[in-house]
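Let me begin by presenting the structure, written as structure tokens, before commenting on it.
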Amino acid sequence: MSDQCPVVHGANAPTTTVANHMWWPEQLNLGILHQGHPASNPMDDDFDYAKEFASLDLGAVKADLEAMMTDSQEWWPADYGHYGGLMIRMAWHAAGTYRIEDGRGGAGTGNHRFAPLNSWPD
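The sequence shown begins at 19 in this note's numbering and counts up one residue at a time.
This is the structure in structure tokens:
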């Protein structure tokens with residue numbers, strides 16, 4: 019390896035990290051909200067998801083969703099009378115937070131990460 023070569027050839031280049039607390043030094047620690055304790059599960063121990071799903075009237079669910087998507091609100095008017103575009107955009111942004119290295123983020127949990135995406139507090 020030549021001293022003149024700009025390629026690092028597998029060596030680690032020194033970098034600096036900008037952590038979340040540097041951007042927002044007085045933010046709340048919300049880790050307590052992500053413990054996944056069984057007591058936080060709103061379903062009973064004997065809850066049968068498949069049985070409950072089979073009992074749904076999917077036609078009524080579809081009608082409810084269509085009514086919700088087309089009922090424009092004064093406080094957040096729907097574009098061209100439909101919230102579909104907004105929902106697609108929100109899903110796009112949620113999916114854009116996926117981190118391939120450890121599988122965190124993304125649209126699977128319906129969460130958005132609003133900090134600069136390079137800070138990843140976890």
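Beta carbons: idealized from backbone N, C-alpha and C, even for Gly.
query                                                                                                  : result
Same chain only: Cβ atoms within 7 Å of residue 100, ignoring 5 sequence neighbours per side           : 87, 88
8 Å contact criterion, which residue 117 and residue 126 should meet: CB distance rounded              : With a Cβ gap of about 12 Å, residue 117 and residue 126 do not count as contacting.
Nearest-angstrom beta carbon gap, residue 90 and residue 81 [assumed within contact, 8 Å]              : Wrong, their Cβ atoms sit about 17 Å apart, outside the cutoff.
Contacting residues, own chain, Cβ-Cβ under 6 Å from residue 103 (five flanking each side not counted) : 97
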